[in-house]
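**Q** Here you go, one structure.
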């Protein structure tokens with residue numbers, strides 16, 4: 103009898119201790135959850151679930167934590183278990199079930215739970231507007247997945263990527279097998295009970311037979327205790343352009359000239375100003391800067407702006423216009439080598455399938471306008487944020503960063519292998535970059551008008567981009583003017599531009615005849 107009583111007392115003591123431990127783990131788990139330290143929260147909640155699997159509050163916290171550490175199947179399992187044991191699921195449960203399905207590209211299920219959230223959430227819930235946009239992105243995703251391209255996208259692997267963030271891949275200008283990127287590696291992450299956010303440093307890695315081997319911090323004492331993010335090199339690789347700041351939302355663009363025997367860096371004298379909300383700067387040919395900004399006068403959110411060196415001074419930044427920018431965010435620009443194709447990221451819900459998707463827009467010299475942006479589709483884009491797109495020089499592949507849930511965690515670097523070579527990367531335009539087109543046309547017309555020629559003896563070759571209004575000045579000076587419209591093109595670029603040029607020439611001929619020009623010839627010349 104005494105022995106039975108003793109065993110019972112010991113059992114009660116152990117049970118009490120177990121409950122006390124569970125209570126401690128639960129409070130610790132909630133603390134880590136609130137602080138968004140989801141890995142630590144999981145370590146606290148998992149032992150409780152093992153002992154009391156019917157504790158659906160714990161399973162909810164586990165499901166949300168699994169979602170944030172990119173364990174989608176585990177997240178779905180825990181949250182579904184909660185759903186099956188609730189007569190009326192909460193708006194929070196519906197919200198995270200929708201996020202899990204959305205991240206997994208299961209758009210129909212995601213829309214269902216997003217709508218359940220809207221039905222249950224309070225009217226003043228600040229997530230309502232965001233969820234409505236997410237529903238539109240799911241609809242966009244259904245369309246994009248139906249038109250998926252044949253490009254191959256792959257994660258560059260654990261030798262480059264980690265559970266933290268790897269961003270802004272930049273190929274070496276001198277070695278196609280060498281890739282630079284910036285990362286906030288976890289070397290200084292967790293020390294005891296303290297939590298220290300690591301800063302971004304610049305790294306590089308080499309490709310050996312298609313496999314990336316290790317990563318090393320860049321030399322030349324570039325990396326400091328602040329954040330350093332590589333932007334680009336000049337064409338020779340002798341000058342580096344990089345961003346340095348204590349925090350990523352403000353800082354300076356610096357240059358490092360490796361031909362100079364100096365360890366220092368100098369400020370890059372440009373109008374980029376993080377205090378005005380400027381970010382993600384991209385340099386094209388060292389004389390054109392494109393960046394995103396929240397500065398006043400835009401269309402809303404982040405807009406893309408450009409500025410250039412003119413007469414030795416950077417010009418006032420100009421908005422790229424409503425064809426590119428929207429009331430949502432446009433960021434992370436990259437301009438192809440021909441100076442006419444702009445790649446960027448946008449989260450407009452009628453354009454994007456998730457967060458930020460990668461787009462491209464073509465600048466047409468004839469009309470001096472950007473085309474409607476084209477989504478690069480899946481598998482380049484995902485339900486996550488896809489940014490920092492950069493083409494290789496040969497146009498055969500591209501690199502970008504993405505925080506899609508299938509990665510190692512945070513943002514990872516991905517490679518894209520194109521089925522068709524992107525010819526814009528090895529074509530050179532005249533003029534070299536889009537913003538020079540207007541000035542180039544005006545200069546060409548001025549030279550033409552100033553020609554001292556005899557009336558009726560000169561056959562004027564006028565580019566179709568010159569415009570009828572400008573030709574009227576010539577017609578007034580030479581009443582019997584003959585006009586030839588040379589629709590020059592490049593056979594190697596035929597599918598992209600030549601057809602449009604020739605077609606535009608014939609349409610322009612009709613307009614000239616209506617304006618009183620009688621002798622108009624269209625010549626199709628291919629170089």
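In the working numbering, the protein residues as written are 103 to 629.
Ideal Cβ placement from N, Cα and C applies to all residues, glycine included.
Are the CB atoms of residue 491 and residue 443 within a distance shorter than 8 Å?
**A** Locating residue 443 in the chain shown gives position 341, where the first residue counts as 1. Locating residue 491 in the chain shown gives position 389, where the first residue counts as 1. No. Outside cutoff.
**Q** How would you write the range of the beta strand (DSSP E) that residue 272 sits in, first residue to last?
**A** In the chain shown, the residue the question calls residue 272 occupies position 170. Where residue 272 is concerned, the enclosing beta strand (DSSP E) stretches over 268–273.
**Q** Leaving out five residues before and five after residue 477 in sequence, what residues of the same chain have Cβ atoms less than 7 Å from its Cβ?
**A** Numbered from its first residue, the chain shown carries residue 477 at position 375. These residues qualify, in order along the chain: 246, 453, 459, 461 and 483.
**Q** Using the rule of at least 16 other Cβ atoms within 10 Å of the residue's Cβ for burial, across every protein chain shown, is residue 212 buried or exposed?
**A** Walking along the chain shown from the start, residue 212 turns up at place 110. The residue in question, residue 212, is buried, as its Cβ has 16 or more Cβ neighbours within 10 Å.
**Q** Just verifying my parser: in three-state terms, what is the DSSP assignment at residue 243?
**A** Translated into the one-based positions of the chain shown, residue 243 becomes position 141. Here residue 243 sits in helix by DSSP.
**Q** Where residue 563 and residue 436 are concerned, what is the direct C-alpha to C-alpha distance, given to the nearest angstrom?
**A** Counting from 1 along the chain shown, the entry for residue 563 is found at position 461. Counting from 1 along the chain shown, the entry for residue 436 is found at position 334. Summary for residue 563: the model assigns pLDDT 45, below 50, so the residue's position carries little reliability, and this model does not support an answer.
**Q** Is the beta carbon of residue 494 sitting closer than 8 Å to the one on residue 300?
**A** Residue numbering aside, residue 494 sits at position 392 when the chain shown is read from its first letter. Residue numbering aside, residue 300 sits at position 198 when the chain shown is read from its first letter. No, Cβ-Cβ distance for residue 494 and residue 300 is not below 8 Å.
**Q** Report yes or no: do three or more beta-carbon pairs, one from the region 501–515 and one from the region 159–174, lie closer than 8 Å?
**A** Judged by Cβ distances under 8 Å, the region 501–515 makes contact with the region 159–174, as three or more pairs qualify.
**Q** Which of helix, strand or coil does DSSP assign to residue 258?
**A** For the purposes of this step, residue 258 is taken as the residue at position 156 of the chain shown. Note: residue 258 maps to coil in three-state DSSP.
**Q** Ends of the beta strand (DSSP E) at residue 432?
**A** As a working mapping, residue 432 is identified with position 330 in the chain shown. Segment 432–437, the beta strand (DSSP E) holding residue 432.
**Q** For residue 342, count the other beta carbons within 10 Å of its own beta carbon; 16 or more makes it buried, fewer makes it exposed. Which is it?
**A** In the chain shown, residue 342 corresponds to position 240, counting from 1. Residue 342 is buried by the Cβ-count criterion.
**Q** Does the region 195–205 touch the region 402–421, meaning 3 or more C-beta pairs lie closer than 8 Å?
**A** Taking 8 Å as the limit for Cβ pairs, the verdict is that the region 195–205 does not touch the region 402–421.
**Q** Taking the alpha carbon of residue 283 as the reference point, which residue from 526, 541, 517 and 535 has its own alpha carbon closest?
**A** As a working mapping, residue 283 is identified with position 181 in the chain shown. Out of 526, 541, 517 and 535, 517 has the C-alpha closest to the C-alpha of residue 283.
**Q** Let me check one thing: in DSSP terms, what residues is residue 471 bridge-paired to?
**A** Taking the first residue of the chain shown as position 1, residue 471 is located at position 369. For residue 471, which the question treats as bridged, DSSP gives the partners 466.
**Q** Given a cut-off of 8 Å on the beta-carbon distance, is the pair residue 631 and residue 395 in contact?
**A** No statement about residue 631 is possible, as the shown extent of the chain runs from 103 to 629 and does not include it.
**Q** Which class does residue 352 belong to by DSSP, given the choice of helix, strand or coil?
**A** On the chain shown, position 250 is the one that residue 352 refers to. Three-state DSSP puts residue 352 in a strand.
**Q** Out of 464, 449, 440 and 499, point me to the one whose CA is closest to residue 530's CA.
**A** Walking along the chain shown from the start, residue 530 turns up at place 428. Nearest option by C-alpha distance: 440.
**Q** Taking C-beta to C-beta, are residue 257 and residue 514 nearer than 8 Å?
**A** Taking the chain shown and counting its residues from 1, the one referred to as residue 257 is at position 155. Taking the chain shown and counting its residues from 1, the one referred to as residue 514 is at position 412. The answer is yes: Cβ separation under 8 Å.
**Q** Taking residue 224 as the reference, which of 141, 215, 254 and 193 has the closest Cα?
**A** Numbered from its first residue, the chain shown carries residue 224 at position 122. Of the candidates 141, 215, 254 and 193, the one whose C-alpha sits nearest the C-alpha of residue 224 is 193.
**Q** Can you have a look at residue 142 and say buried or exposed, based on whether 16 or more other CB atoms are within 10 angstroms of its CB?
**A** As a first step, residue 142 is located in the chain shown; it is residue number 40 there, counting from the start. Looking at its Cβ environment, which holds 16 or more other Cβ atoms inside 10 Å, residue 142 is buried.
**Q** Straight-line CA distance for residue 373 to residue 303?
**A** Numbered from 1 along the chain shown, position 271 holds the residue referred to as residue 373. Numbered from 1 along the chain shown, position 201 holds the residue referred to as residue 303. C-alpha separation (whole angstroms): 24 Å.
**Q** Would residue 219 pass as a contact of residue 233 if the rule is Cβ separation under 8 Å?
**A** As a first step, residue 219 must be located in the chain shown, where it is residue number 117. As a first step, residue 233 must be located in the chain shown, where it is residue number 131. Taking 8 Å as the Cβ cut-off, residue 219 and residue 233 qualify as a contacting pair.
**Q** Please report the Cβ distance between residue 199 and residue 185, rounded to the nearest whole angstrom; I am assuming they are in contact, meaning their Cβ atoms lie under 8 Å.
**A** On the chain shown, position 97 is the one that residue 199 refers to. On the chain shown, position 83 is the one that residue 185 refers to. Indeed, because the Cβ distance is near 7 Å, the residues count as touching under 8 Å.
**Q** Helix, strand or coil: which one does DSSP assign to residue 379?
**A** On the chain shown, position 277 is the one that residue 379 refers to. Of the three classes helix, strand and coil, the one that applies to residue 379 here is coil, per DSSP.
**Q** Note down the Cα distance separating residue 214 from residue 188, rounded to an integer number of angstroms.
**A** Position 112 of the chain shown holds residue 214. Position 86 of the chain shown holds residue 188. Taking the straight line joining both Cα atoms gives about 17 Å.
**Q** Going by the beta-carbon positions, is the gap between residue 646 and residue 383 smaller than 8 Å?
**A** The question about residue 646 has no answer, for the chain in this structure spans 103 to 629.
**Q** State the DSSP-derived secondary structure class of residue 358, mapped to helix, strand or coil.
**A** What you label residue 358 is simply residue 256 of the chain shown in a count that begins at 1. Note: residue 358 maps to strand in three-state DSSP.
**Q** The alpha helix (DSSP H) with residue 422 in it runs from where to where?
**A** Translated into positions along the chain shown, residue 422 becomes position 320. No alpha helix (DSSP H) contains residue 422, which DSSP labels as neither H nor E.
**Q** What residue range does the beta strand (DSSP E) around residue 488 cover?
**A** As a position in the chain shown, residue 488 is number 386, starting the count at 1. Unbroken beta strand (DSSP E) run through residue 488: 488–493.
**Q** Can you have a look at residue 195 and say buried or exposed, based on whether 16 or more other CB atoms are within 10 angstroms of its CB?
**A** The residue given as residue 195 occupies position 93 in the chain shown. It counts as buried.
**Q** I need the straight-line Cα distance from residue 429 to residue 263, nearest angstrom please.
**A** Here the question's residue 429 lines up with position 327 in the chain shown. Here the question's residue 263 lines up with position 161 in the chain shown. Looking at the two C-alpha atoms, the distance is approximately 33 Å.
**Q** Going by other Cβ atoms of all chains shown within 10 Å of its Cβ, with 16 needed for buried, is residue 496 buried or exposed?
**A** Residue mapping note: residue 496 aligns to position 394 of the chain shown, counting from 1. Result: exposed.
**Q** Out of 450, 254, 408 and 512, which one is the CA nearest neighbour of residue 536?
**A** Start at 1 with the first residue of the chain shown, and residue 536 comes out as number 434. Considering only alpha carbons, the answer is 408.
**Q** To the nearest angstrom, how far is the alpha carbon of residue 248 from that of residue 464?
**A** Locating residue 248 in the chain shown gives position 146, where the first residue counts as 1. Locating residue 464 in the chain shown gives position 362, where the first residue counts as 1. Taking the straight line joining both Cα atoms gives about 24 Å.
**Q** Might you give, ordered along the chain, the residues of its own chain that have their beta carbon closer than 6 Å to the beta carbon of residue 447, omitting 5 neighbours on each side?
**A** Translated into positions along the chain shown, residue 447 becomes position 345. Cβ within range, chain order: 433, 434, 458, 460 and 489.
**Q** Run through the DSSP bridge pairs and tell me what residue 329 is partnered with.
**A** For this step, residue 329 is matched to residue 227 along the chain shown. 347.
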